[in-house]
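Report on one structure; see the data block that follows.
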Amino acid sequence: MSMKITDECTACGLCLEECPTESITEGDIYVIDPDTCNECEEEDEQQCVAVCPIVDDDDVCIAIVKREE
Ligand code: SF4
Ligand code: SF4
172 MSMKITDECT
182 ACGLCLEECP
192 TESITEGDIY
202 VIDPDTCNEC
212 EEEDEQQCVA
222 VCPIVDDDDV
232 CIAIVKREE
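With the first letter of the sequence shown counted as 1, position 33 gets the number 204 in this note's numbering; the numbers rise by one all the way through.
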């Protein structure tokens with residue numbers, strides 16, 4: 172399973188350096204490589220989601236979501 176970045180991404184760049192598997196690529200909207208993203212299975216939380224500032228009223232990230240297979 173992997174995460175994906177949605178149209179809500181503002182290309183702030185905060186997630187780029189945080190990814191332990193180097194799965195994130197810069198762009199107008201950043202992109203997560205589904206082949207290498209492992210949802211941070213060895214971390215306490217998904218590092219990209221933890222730093223992404225684009226959240227809803229409930230503080231849930233809306234720019235990085237689970238990829239539907
Ligand atoms: S969930 Fe983890 S492995 Fe996947 S893109 Fe985000 S930081 Fe990288
Ligand atoms: S931290 Fe969020 S808004 Fe910033 S580049 Fe990554 S996905 Fe986009």
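Ideal placement from N, C-alpha and C gives every residue a C-beta, glycine not left out.
Taking a cut-off of 5 Å from the heavy atoms of ligand 1, the residues with a C-beta inside it are M174, C190, T192, S194, I203, C208, E210, C211, Q217, Q218 and C219. Counted as a single uninterrupted DSSP element, the alpha helix (DSSP H) harbouring V222 occupies residues Q218 to V222. Sixteen is the threshold: when 16 or more other Cβ atoms of the shown chains lie within 10 Å of the Cβ of C232, as they do, the residue is buried.
A234 is positioned such that its CB atom lies no closer than 7 Å to that of E189.
Boundaries of the beta strand (DSSP E) harbouring V236: I235 to K237, taken from the DSSP string.
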